[in-house]
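Heads up: the sequence shown at position 50 corresponds to 58 in our numbering, and the numbers run straight through without jumps. Inspection log for the structure reproduced underneath, given as structure tokens.
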Amino acid sequence: MKSGTPNHFETDSAASRGRALLITARSMPVRTILAILVAQTVAINSAQANDEPALKTAFRDHFLIGTAVNRSMTTGAAFRRTTDQVNADIALVRKHFNLVVAENDTKWALIHPREGQDGYDFGPADAFVNFGWTNEMYLVGHTLVWHSQTPNWVFAGTNPPPAADSAAPPPGPGRPGGGFGRYTGPRASRDELLQRMRDHIHTVVGRYRGKIKVWDVVNEAIADGGTNVLRNSLWLEIIGPDFIAKAFEYAHEADPDAILRYNDYGLENPAKRRKLLTLIRSLQEQKVPVTAIGSQAHVNASTTFDSMDQALTEMATLGLPIHITELDVNLSEGGQRTTGADIANNTAATQSGLVDDADRRQAEAYAGIFRAFVKHAPHVKMVTFWGVNDAVSWRARGKPLLFDGENRPKPAFQAVIAESRNPGPSKPSP
Ligand code: XIL
């Protein structure tokens with residue numbers, strides 16, 4: 009097998025580099041020698057990293073293996089990383105993944121920051137689609153309707169907001185084009201908001217029709233606590249609970265061949281999962297074109313085979329394909345207390361340092377999680393990581409991914425690869 013074949017060229021050149029170093033070393037200051045040794049170790053380590061089996065190959069009989077990519081990776085323009093690091097990130101994406109999703113660039117705030125047909129910024133989303141298309145990767149769109157990263161103008165109009173909202177302080181400057189705060193000013197009517205939603209979905213889905221094969225149509229509509237199925241949001245308050253059905257109908261009109269996904273986090277939690285089952289069954293009864301379940305799977309170090317197995321078993325009863333959409337295993341102490349992934353709580357979820365024995369615990373968690381994915385592979389069609397390596401992760405402080413900031417595979421990587429070879433539970437004899 010290719011991965012087991014020793015690479016004589018690399019071994020030879022490393023050895024001859026070593027000999028050359030010995031010959032010239034006598035005339036060099038110690039600091040220079042040390043610097044060369046460190047540089048050579050890094051070079052040899054990254055050469056070894058390239059010998060690792062590719063995730064997409066290891067799981068090719070099970071499911072697609074995806075990653076979220078950021079704008080640096082799709083445009084090559086370095087941001088918070090050096091050009092060399094960005095190039096290494098891109099090489100890693102090409103090697104290991106056969107599916108990509110844009111971490112931010114297809115969200116409403118980024119692709120449609122201003123009102124009207126001239127209010128779209130397609131450049132970065134086009135770069136993402138070109139990146140995936142030219143690398144022959146499966147393309148996923150994220151996300152059409154969400155309470156977060158949606159610009160204020162979407163909800164703005166002339167109807168006075170309810171008293172509780174108008175009493176709140178006005179939204180701060182935030183990030184241009186819509187931050188994470190909630191808009192509190194005068195509101196659009198139901199019809200205005202539906203019209204904006206329809207225009208947005210038709211334009212964005214229509215533009216990439218035939219290229220982006222799956223859309224997260226509605227993201228995170230379910231409430232975390234309490235007994236309400238739906239989270240309070242401006243979509244819910246202005247349109248009513250059928251905002252979800254409408255979004256799916258519009259997306260289906262725009263691309264009848266696209267797989268249309270409902271996506272949420274915390275579905276490992278039995279109470280939240282019950283709400284998911286209630287919501288999706290009700291959509292199915294209304295013949296709403298929801299055709300896949302997206303489970304984000306932003307989980308922590310306590311996640312086990314059993315908890316993931318149970319979650320997948322119950323979700324599979326809906327009869328829809330299951331997509332793992334944003335997998336990561338947060339190692340921050342702050343992330344062990346809760347299992348959610350609410351953007352608003354992200355700082356708390358990545359505080360207080362790492363858990364003890366972090367690498368080992370992460371490897372164990374990832375092994376159990378992938379054992380469950382493989383067991384449920386007939387239903388699980390794709391597994392997507394939320395980011396390429398720990399340095400670019402949205403939860404960088406929780407070091408939640410399979411590769412470190414230098415793209416070196418961590419123990420969790422080996423644990424995941426091992427699960428691709430696990431024969432699984434033996435079949436009962438006939
Ligand atoms: C995150 C991105 O990773 C960050 O870069 C951004 O600042 C905030 O959003 N659930 C989702 C994703 O559906 O869109 C979120 O992505 C992470 C949680």
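All residues carry an ideal CB built from backbone N, CA and C; glycine is no exception.
Shorter than 7 Å, the distance from the beta carbon of residue i to the closest heavy atom of ligand 1, or not?
i, result
"W402", "yes"
"Y270", "no"
"H150", "yes"
"N143", "no"
"I220", "no"
"I330", "no"
"I351", "yes"
"E334", "yes"
"N308", "no"
"W243", "no"
"E276", "no"
"W394", "yes"
"N397", "no"
"Q304", "yes"
"N112", "yes"
"Y273", "yes"
"N227", "yes"
Is residue i helix, strand or coil by DSSP?
i, result
"W243", "helix"
"W394", "coil"
"Y270", "strand"
"V153", "strand"
"K418", "coil"
"G165", "strand"
"K295", "coil"
"G214", "helix"
"G127", "coil"
"T40", "Residue confidence for T40 is low, a pLDDT of 43 falling below 50, so the modelled location carries little weight; the figure read from the coordinates is stated next. Note: T40 maps to helix in three-state DSSP."
"T83", "helix"
"V4", "The chain is shown only over 9 to 438; residue 4 falls outside these bounds and no answer can be derived."
"Y146", "strand"
"R379", "helix"
"D69", "coil"
"L409", "coil"
"L285", "helix"
"W402", "coil"
"A426", "helix"
"A76", "strand"
"R195", "strand"
"D224", "strand"
"V101", "helix"
"V237", "coil"
"L107", "strand"
Give a yes or no on whether 8 Å exceeds the smallest Cβ distance from residue i to chain D.
i, result
"V162", "The question asks about chain D, but that chain is absent: this structure has only one protein chain."
Quick one: what's got a C-beta closer than 7 Å to residue i's C-beta in the same chain, skipping five residues either side?
i, result
"I230", "V237, L238, R239, D272, K280, K283, L284, L287"
"V109", "G74, A76, V148, H150, T392"
"N277", "T347"
"Q344", "N308, A309, S310, V363"
"G127", "H120, P121"
"F356", "Residue identity check: residue 356 is Ala in the sequence provided, not Phe. Excluding residues within five positions, the ones whose Cβ falls inside 7 Å are G342."
"S35", "Summary for S35: the model assigns pLDDT 43, below 50, so the residue's position carries little reliability; its value from the coordinates is reported in the next sentence. Once the five neighbours on either side are set aside, S35 has no close Cβ partner at all."
"F378", "V424, E427"
With a threshold of 8 Å on Cβ separation, who are the neighbours of residue i within its own chain once the five nearest residues in sequence on each side are excluded?
i, result
"L362", "L339, S340, E341, G406, K407"
"K64", "L72, I73, H104, F105, N106"
"D367", "K418, P419, A420"
"R269", "V222, W223, D224, V225, V298, T299, A300, I301, G302, H331, T333"
"F130", "I119, R215"
"N112", "N78, R79, L118, Q157"
Spatial neighbours of residue i within its chain, please: CB distance less than 6 Å, with the 5 preceding and 5 following residues excluded, ordered by chain position.
i, result
"A420", "Q370, A371, Y374, L410"
"R206", "Y258"
"A399", "G413"
"P184", "Its pLDDT being 35, under 50, P184 is placed unreliably by the model, and the measurement read from it follows with that caveat. Contacts found: none."
"V153", "V226, A255"
"V94", "S80, A86"
"A426", "none"
"L291", "V298"
"A305", "I332, L335"
"K115", "Q157"
Along the chain, which unbroken stretches of the alpha helix (DSSP H) at least 4 residues long are found entirely within the stretch 298-363?
The stretch 298-363 contains these whole alpha helix (DSSP H) runs: 313-324, 354-357.
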